[in-house]
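The numbering of the sequence shown is UniProt numbering, which starts it at 1 and goes up by one. Yeah, the Cβ is synthetic: ideal placement off N, Cα and C, and Gly gets one too.
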Amino acid sequence: MTSVVVVESPAKAKTINKYLGDSFTVLASFGHVRDLPPKDGSVRPDENFAMDWQTDERGAKQIATIAKALKGARHLYLATDPDREGEAISWHVRAALQERNALKGVDVQRVTFNEITKSAIQTAMAHPRELDMPLIEAYLARRALDYLVGFTLSPVLWRKLPGSRSAGRVQSVALRLICEREAEIEVFQSREYWTVTADFATATNARFTARLTHFGGRKLEQFDLANETDAHAARDAVASAPFTVRSVEKRKVRRNPPPPFTTSTLQQEASRKLGMSAQTTMRTAQQLYEGVDIGGETVGLITYMRTDGVQMANEAIVAIRSHIGGALGAEYVPEKPRHYATKAKNAQEAHEAVRPTDVTRTPEQLARHLSDEQKRLYDLVWKRAVASQMQSAELDQVIVELVDPTGQIVLRATGSVIAFDGFLKLYSEGRDDAKSEDEEGRLLPPLREGDRPKTLGALAEQHFTQPPPRYSEASLVKRMEEIGIGRPSTYASILSVLRERNYVRLDNRRFVPEDRGRLVTAFLVSFFERYVDTGFTAGLEEQLDDISGGRADWHDVMAAFWRDFSHAVEQTKDLKISDVIDALDRDLGPHFFPSREDGGDPRACTACGTGRLGLRLGKFGAFIGCSNYPSCQFTRRLVAEDAAEGDALKDGMRVLGQDPATGQDVTVRRGPYGLYIQQGEADPENKKIKPKRTTIPKGVEGDKITLEQALGLLSLPRLVGVHPETGEPVEAGLGRFGPYVKMGAIYGTLDADDDVLTIGLNRAMDALAKKMASIRTLGAHPGDGEPVMIRKGRFGPYAQHGQIIANLPKGVSMDEVTLDEAVELLREKGKPLKAKAGKGKSSGKAAPKAKTKAKAPARRGAAKVDA
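The following block contains the structure:
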């Protein structure tokens, strides 16, 4: 009699089934099987926050499959992820099965494991437990909070601020952070300052540079040399004076390794070092956690990736220290193991840090089994975890001060060198400011007190203070974690929603708020300030943690929140549109009406000359209008509105300029499927000759595209370079499904963030390598010289020659087949590759029905290929 185990995903089910054997049936729930219906009234505050749950079609199908497997079974093990969300999924599965009366006589137990390895699975199955109700209640409270905020606040936005999409409990706070940073940048006033440096040469002609730190007998602050006159006076004084070495200070500095990854630090570092979005990082980490096929066995490569803990299991630390000693040398192993504690606010530390499940599986060993994204992320996780247990790096720093005979001018030269690389031999942490992690290596020549190096010259350099940088994904995730809003596992979806709602856009991998996002933030700050306050939101997170720890009742937390929140919403019922306009106009006036260089009134109407421009709200959103309406009809749309691109096109078309090669107009036009670029016009006498056209890639705004960009898109595909090994040309282009790279018959998909016009050969080869990992070229066919390949298909590997394919025999891997065997297989069992639906041309007439026998069932395992 078998026992039933329920996990979230089919990939995890497949891996765990191999470890548990035939006495267990492992099934997937495909995530949540129930959810709150997306309609008002699914959470009822007046009934002690009772909730209605519904099972969608997919969830009902999975519950039916689990119920069927439970017939005759005595045990049900709920083995979903070891966090709050995983506990909730298990609770939902049990509740849904109880509704079907499928649990009679079945012992229901909860098991958790932090990694998908045989030992971890077997240990977990030997130590089952009951469902953790405080953890489930914390989930219920979070779900109810998010639902009530969304379904109560969003309608207020729709009524009072047309054109807005939605509001969210954490989403709106993240948007406020982005908008406030943009406001800081806009009001920032740059200040000029100067620095002075001098070049010196020692008696042995060794050169070095020193910076002016004291002038006129006092220490220089940042703005003391505020103009060219002062800076040049200081420069001339330095250049004409002799200098003596007053002091030489030498010291050793130790740098300790960073801790292993948590969810948020993994997202930050993957963004900085790999250019991965938070969503891509979490998707790839999920694949590594659930298991990858390595030599016919599915193996989980990293521990659970949703965690805010930085600690590692003792056995993992012992294994890592042993590996360091064997691979790098005993000098790289510290005397004692390193133990870390998180500094993040509201961290639960319920799970280990993200680490490799087996440190002996090095990135180099696994490279051929992983996709490009998996390979790069695993390399990052592995190196960070190993480095966290390595010896500290040691740096020799030297600080030299030089002084003129009067003692009124002092310069300082600094240099450092790595005396022992320690963990830096393996890993250096990325930095969000794009500067090099290690500015060491600037060696100073040997200098002693009393030396008199020769002054070679001095240089005065002008600088300007810079505004605070816009948030990147990495820095925004870091900021949200610092102030304690949201949870690491939710950051990716929060950032994704902000972009999907057109509240923000990414520009050079930095968040820029759209006007719509700024309007929503200004509205919420004006009328719901408490609920987009970072301190209030962080306090709610603490209360949710109290619920999960059994220290608070979730009904009491919800009642206190709802009492104040519903009162705040009630007060907006009498809110006039004029009040909203006044508040938004007051807060966003400096943004929409920046100061003019000529000193004129930025709000003066350019159409009538006497009216005053201000913010207005219409049926389709906000716009700029004149106070003399209706006599003055001047309006200006805000750039973030949906219709902005269409309104920018006069008669459905906007001329960008002329192609320098042909002199033809290059235009942006609106078609039935959106905006596109066209060069020239159609020939009215020969309709078969069509002008050159191309779509506008996702992420490129039609009203902002330049002539240069348009000409580049029209010229696609473009040659990126030549593959260094095969000598074949590598091209980049745009297809139906977005940007791609191509080498021969092999196509590689590019990410949405990749710029098809500027992508280089290295990135193109990465994308091709991912595709080529599923293709093995055996050689030329003896008949026609065309290549014979082995490909991975949805239902197993198959051989292909031109348009002829043949499945490999069961149990034969794609690495085992020779060219002769593939040719023979294609000759015996080859069949034409089926054309995709819609590819063939139709004559418009119905084809005559062929007289055939009853259709035989499809042969199991037949090749099915995605061309």
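Whole-angstrom distance between residue j and residue i, CA atom to CA atom
i, j, result
"R191", "F464", "5 angstroms"
"G844", "K688", "With a pLDDT of only 37 at G844, under the threshold of 50, the placement of this residue in the model should not be trusted, and no figure is reported."
"L177", "D585", "20 angstroms"
"S166", "G793", "41 angstroms"
"G646", "Q189", "At G646 the pLDDT is 39, less than 50, meaning the model places this residue with poor confidence and gives no usable figure here."
"Q664", "L617", "40 angstroms"
"M390", "L36", "48 angstroms"
"F30", "I494", "21 angstroms"
"K273", "D601", "46 angstroms"
"P468", "V187", "11 angstroms"
"P356", "A313", "12 angstroms"
"T414", "F423", "24 angstroms"
"P797", "T749", "21 angstroms"
"Y19", "A69", "19 angstroms"
"L778", "G802", "13 angstroms"
"E570", "R563", "11 angstroms"
"P691", "G614", "43 angstroms"
"V33", "A60", "7 angstroms"
"S90", "A552", "22 angstroms"
"N205", "R452", "12 angstroms"
"L575", "Y629", "23 angstroms"
"T15", "V386", "26 angstroms"
"P445", "L402", "14 angstroms"
"P82", "D546", "18 angstroms"
"L680", "V666", "Here residue 680 is Gly; the residue named in the question, Leu, does not match the sequence. Each residue's alpha carbon lies about 6 angstroms from the other."
"A237", "K219", "16 angstroms"
"K454", "Q466", "35 angstroms"
"A806", "E297", "24 angstroms"
"S240", "R448", "22 angstroms"
"A226", "D533", "39 angstroms"
"H781", "H92", "56 angstroms"
"T776", "T307", "One point to set straight first is that residue 776 is Arg, not Thr, in the sequence displayed. In a straight line, the C-alpha of R776 is about 38 angstroms away from that of T307."
"E731", "I696", "18 angstroms"
Spatially closest choice to residue i from the options, by CA coordinates
i, options, result
"P488", "Y378, G535, Q279, S526", "Q279"
"A233", "A387, A460, R142, G86", "A460"
"K336", "I302, S388, W382", "S388"
"F420", "E473, I63, K252", "K252"
"D107", "I116, V4, T123", "V4"
"A393", "D784, L426, Q466", "L426"
"S631", "T610, S322, P660", "T610"
"G785", "Q678, V823, A96", "V823"
"D587", "Q543, C179, L675", "C179"
"M743", "D755, F737, K770", "K770"
"M480", "A538, F565, E429, D507", "A538"
"G295", "T406, I746, Q286, A367", "A367"
Extent of the continuous alpha helix (DSSP H) to which residue i belongs
i, result
"T284", "278–290"
"R142", "133–160"
"Y19", "10–20"
"A822", "819–829"
"D507", "First-last for D507: 504–507, but that is the beta strand (DSSP E), not the alpha helix (DSSP H)."
"D766", "761–772"
"E500", "488–500"
"I121", "118–126"
"T406", "Note, T406: premise wrong, no alpha helix (DSSP H); not H, not E."
Opposing strand residues paired with residue i [DSSP bridges]
i, result
"L212", "L411"
"S475", "In DSSP, S475 forms no bridge with anything."
"G796", "G793"
"A622", "L617"
"Y676", "R669, T695"
"S416", "Q397"
Limits of the unbroken beta strand (DSSP E) element including residue i
i, result
"I804", "804–807"
"D396", "393–403"
"M743", "738–743"
"P729", "729–735"
ask   = In chain order, which beta strand (DSSP E) runs of at least 3 residues are fully inside the UniProt domain "Toprim" (2–116)?
value = 3–7, 24–28, 75–78, 107–110
request  = Enumerate, from N- to C-terminal direction, the unbroken alpha helix (DSSP H) stretches of 4 or more residues contained entirely within the segment 325–392.
outcome  = 363–366, 372–387
message = As an exercise, report each continuous alpha helix (DSSP H) stretch of at least 4 residues that is fully enclosed by the segment 184–256, in chain order.
response = 228–240
message = Quick check on the DSSP output: what are the complete alpha helix (DSSP H) runs of length 4 or more inside the segment 570–597, in order along the chain?
response = 577–592
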